[in-house]
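K.L.:
If you read the protein sequences in the order shown, they are chains A and B. For the record, in the first sequence the residue sitting at position 25 is 25 according to my numbering, with numbers rising by one throughout. For the record, in the second sequence the residue sitting at position 48 is 1048 according to my numbering, with numbers rising by one throughout. Built from N, CA and C at the ideal position, the CB exists for glycine as well. Every value quoted in this text rests on a predicted model; they were computed, and no experiment measured them.
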Amino acid sequence: MGTPVEFEAWYRSELRRVVALAYALTGSRAASEELAQEAFLKALREWDRIAGYDDPSAWVRRVVVNQSRSWGRRRMAETRALMRLSGRRALPDELPPDASAFWSAVRSLPSGQAQAAALFYAEDRSTADIAAILGVSEGTVKTHLSRARAALAQRFEQSIPTDRATEVAR
Amino acid sequence: MSVEEMARTASIALYAATEPVRPIDFTARRRGSRQPQLRLAVGLGVVAAVIVGVVVVMANRDDGTRVATTPKEVPRLVLGTVPEGLSPTGAADLPLASSGGIAFDTTLYGDAQTEAWLASDSAAGAGKRLLVLEVSVSGSESITPAEGDTVIVNGQEWVLSSFTDQLSLGAVIDGKNVALTSPGLDRDALVAMAQSVRVVDGAVRVEPSSGLKALARSAMPPSYILTAGRASGTTVGHIAGYQDSGDGNDVVMVSTTVASADDLAVLRADVVAAEPMIVRGHRGWGITQRFDDNAAFNTLVWFESDGVLATVSGTRPITELLSMAESLVVADDATWAELSQPLGVVADGTTVIGSGDLDGNAWRVTYSTSDGLCLEVQEDAQGSSSSCGDASIGTASSTPIGDGTITYRVVPASVGESTTTDCNGDTISAAVTNGDVVPGALVEVYLLNDCREGVDGVPVQATVPLDSGGSQVVTASGSSSGPATTRP
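#1: Which residue or residues does DSSP assign as beta-bridge partners of PHE1297(B)?
#2: If we define contact as Cβ-Cβ less than 7 Å, is VAL1251(B) a contact residue for chain A?
#3: Count the C-beta pairs between the segment 19–27 of chain A and the segment 48–56 of chain A that are closer than 8 Å, then say yes if the count reaches three, no if not.
#4: On a Cα-Cα basis, can you pick out the residue from GLN1289(B), VAL1251(B), VAL1252(B), THR1319(B) that is closest to MET1277(B)?
#5: Assuming the contact rule is C-beta atoms closer than 8 Å, SER1253(B) and LEU1079(B) should be a hit. Round their C-beta distance to whole Å, please.
#6: At 4 residues or longer, what runs of the alpha helix (DSSP H) sit wholly inside the segment 45–74 of chain A?
#7: Between the alpha carbons of ASP1093(B) and THR1256(B), how many angstroms are there, rounded?
#8: Please state the DSSP three-state secondary structure of SER1218(B).
#9: Using beta-carbon positions only, say whether SER1168(B) and THR1181(B) come within less than 7 Å of one another.
#10: Nearest CA to the CA of ALA1259(B): which residue from ASN1298(B), ALA1216(B), VAL1279(B), ASP1250(B)?
#11: Do SER183(A) and GLU14(A) have their CB atoms nearer than 7 Å?
#12: Hey, how far is the Cα of ASP1201(B) from the Cα of TYR1109(B)?
#13: Tell me the rounded alpha-carbon separation between LEU41(A) and TRP1117(B).
#14: How many Å lie between LEU134(A) and ALA1219(B) at the Cα?
#15: By Cβ distance below 7 Å, which residues in the same chain neighbour TRP1336(B) in space, the five residues on each side in sequence not counted?
#16: At 8 Å on the CB atoms, spell out the chain B contacts of TRP103(A), in chain order.
#17: Here's a check: name, in chain order, each residue in its chain whose Cβ is nearer than 6 Å to the Cβ of VAL1266(B), leaving out the five neighbours to either side.
#18: Can you check whether the C-beta of MET1193(B) is within less than 7 Å of a C-beta belonging to chain A?
#19: Output the distance between the C-alpha atoms of LEU21(A) and SER108(A), rounded to the nearest integer angstrom.
#20: Give me the Cβ distance between LEU95(A) and ALA1007(B), rounded to the nearest whole Å; I'm assuming they're in contact under 8 Å.
#21: Spatial neighbours of TYR11(A) within its chain, please: C-beta separation below 7 Å, excluding the five flanking residues on both sides.
#22: When the cut-off is 7 Å and only beta carbons count, does MET1220(B) lie next to chain A?
#23: Where DSSP assigns a beta bridge to HIS1238(B), which residues make up the other side?
#24: From the beta carbon of VAL18(A), is the nearest beta carbon of chain B less than 7 Å away?
#25: May I ask you to report which of helix, strand or coil DSSP gives MET1277(B)?
#26: Go through its chain and collect everything with a Cβ distance to ASP1111(B)'s Cβ below 7 Å, but skip five positions before and after it.
#27: Report buried or exposed for VAL1236(B), applying the criterion of at least 16 other Cβ atoms within 10 angstroms of its Cβ.
#28: In the DSSP assignment, the beta strand (DSSP E) including THR1150(B) goes from what residue to what residue?
#29: In the segment 1297–1319 of chain B, which residues sit with their C-beta less than 8 Å from some C-beta in chain A, listed in chain order?
#30: State yes or no: is the beta carbon of VAL1003(B) nearer than 7 Å to at least one beta carbon in chain A?
#31: Around the Cβ of LEU91(A), are there at least 16 other Cβ atoms within 10 angstroms (buried) or fewer (exposed)?
#32: Can you list the residues of chain A that ALA1189(B) reaches, using a CB-CB cut of under 9 Å?
#33: Counting only C-beta atoms, is MET1006(B) closer than 7 Å to chain A at any point?
#34: Per DSSP, what kind of secondary structure is GLU149(A) in: helix, strand or coil?
#35: Would you say TYR1408(B) faces chain A, with C-beta separation under 7 Å as the test?
#36: Would TRP61(A) be called buried (16 or more neighbouring beta carbons within 10 Å of its own) or exposed?
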């Protein structure tokens, strides 16, 4: 890795999945694309270094996850301005009601749980992958996922046995 | 349905919703700009800067409509009675000296009905009207194109979108952000307008369709900026801010700025509804704007005297704003100076914005009117070193300090919280703890390490006066998220 061409190929192969991850965490289709593009721009800026990582994809997801965390507080300022200056776009909720409700519930979880759940459910990532992306131990990820699943089950009135709730992680 | 089944369905929907995602041609951007990789990020920063009305370069007017007024002729209005729950947070003379290099130029086209409406007090019957907004950003930076339906007109890509029942076509043409917005024209009419767009001598020109003619032209910021109490884009004026001491969501701003009848006409034509009302004995307008989270921001706007536009705006209801407007008094120099007085100024006139320890080296960031923003580092047994430099709106600059790097980035004061990412992908966020409505520019100072193991970046954020007129200096705090760095 290390050349613009290689960056382009990597970027194009990853972009949609990273946008989806940001979408799950922000609830804003427009914001998700902006956050994803911003993360890839950061990657491009430091591509010589990042290309040497074992998993550049984990790096860009880490950036997006962290940026998404503060998006809620930023969006009043940035999205509003962006929306209006650049053609006054609306920010439609493009997800079907059930999907929208699910990801909304994910976002309502404590941030660690929400991030782990988004990576787990939207990206189908393993707990080891999630641990690497979030920079926490795999045990922490399993705890987050277990609690997240229990909360989601309670939210959607799906009671599950406690022992099952602890087996979410693969 | 189990959580897993719901998740599966929700994930499928999530990916389906990302279908229109379009990659940026980074390679092309690399060829086209010296700093293409910063275009989007800086663009976002610029847009954010716009919303709080940091200093805006006024476009030179060639129609002679702008009233020539010196700052001393514009009264410094402040609340005579500060409502319960609010307290003054700062005041400043406009414009601030540091310019963001942004220029607005809006032309209002309308039909005969629009012309009659402008001359009336009516809130309705505005007729067919078109606003052509041109936003120029200094250098080669651009504001990120909007999302919406793409329309190709004469080979130029435009984005068609709607907002509060208004259609808008937006494009980036020759580095200028152009928006054609109309509450009264349909899509075909807007596209026809877009077909007529030409850039002549660096300015955007539109050939209006039959029945429309140019009625007003304004270099003020668009309505959603002006009515948010951020009138600092005008040539001269004053602004004072008030805010609650709790979560900072309750704000009131008072501004007086030089403006013309054209400016008010463009403002009225751009908002959904401006209700006529009497404010301090003058004909004025009440404007309510609702944003995507349904939050309301109310504004009273009126001409306090010829050429002096006044606003009282904020989160309080229109009726309360009317009472506040009635209480306005002209601040004398002593009162204004007190409102503008920086907080936390130490004896030698230097404000300590933040301090800490960077990998064993004590550091502090200071601001003084003589040296500007400075980073001072006390190095082990090697004495101290300092680095001072100016930062300008919307740009970032970095200076190596010892084994670390200090990065300055100037962002708007009311962003509240902003973030950057250090070399390891960890987010460094900083939230202003006070002074969100202070009408000065916010300087983020990030002390970033150079990717050494176990060392995180340290954010410092504060509002500093970037002009000699002085806005409030507030201390602030920040935090670094993510684990300690472990990458090589």
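P.N.:
If we stick to the structure as given:
#1: GLN1289(B)
#2: no
#3: no
#4: THR1319(B)
#5: It is Met, not Ser, that sits at residue 1253(B) in the sequence shown. 10 Å between Cβ atoms; not a contact.
#6: 47–50
#7: 10 Å
#8: strand
#9: yes
#10: ALA1216(B)
#11: Here chain A comprises residues numbered 1 to 170, so residue 183(A) is not present and cannot be evaluated.
#12: 21 Å
#13: 47 Å
#14: 47 Å
#15: ARG1076, ALA1091
#16: ALA1010, LEU1014
#17: THR1106, LEU1108, ALA1216, SER1218
#18: no
#19: 15 Å
#20: No, LEU95(A) and ALA1007(B) are not in contact; Cβ-Cβ is about 13 Å, not under 8 Å.
#21: PHE40
#22: no
#23: ASP1093(B), THR1256(B)
#24: no
#25: strand
#26: GLY1127, LYS1128, GLY1211, LEU1212
#27: buried
#28: 1149–1153
#29: none
#30: yes
#31: In this predicted model, LEU91(A) has a pLDDT of only 34, less than 50, meaning its place in the structure is not dependable; the value taken from the coordinates is given anyway. Buried.
#32: None at all; the shortest Cβ gap to chain A is about 16 Å.
#33: yes
#34: It is worth fixing the name first, because residue 149(A) is Arg in this sequence and not Glu. Helix, per DSSP.
#35: Because TYR1408(B) sits at a pLDDT of 48, beneath the cut-off of 50, its placement in the model cannot be relied upon, and the following sentence gives the value as read from the coordinates. Chain A contact via Cβ: absent.
#36: Looking at the sequence provided, one finds Arg at residue 61(A) rather than Trp. Buried, by the Cβ-count rule.
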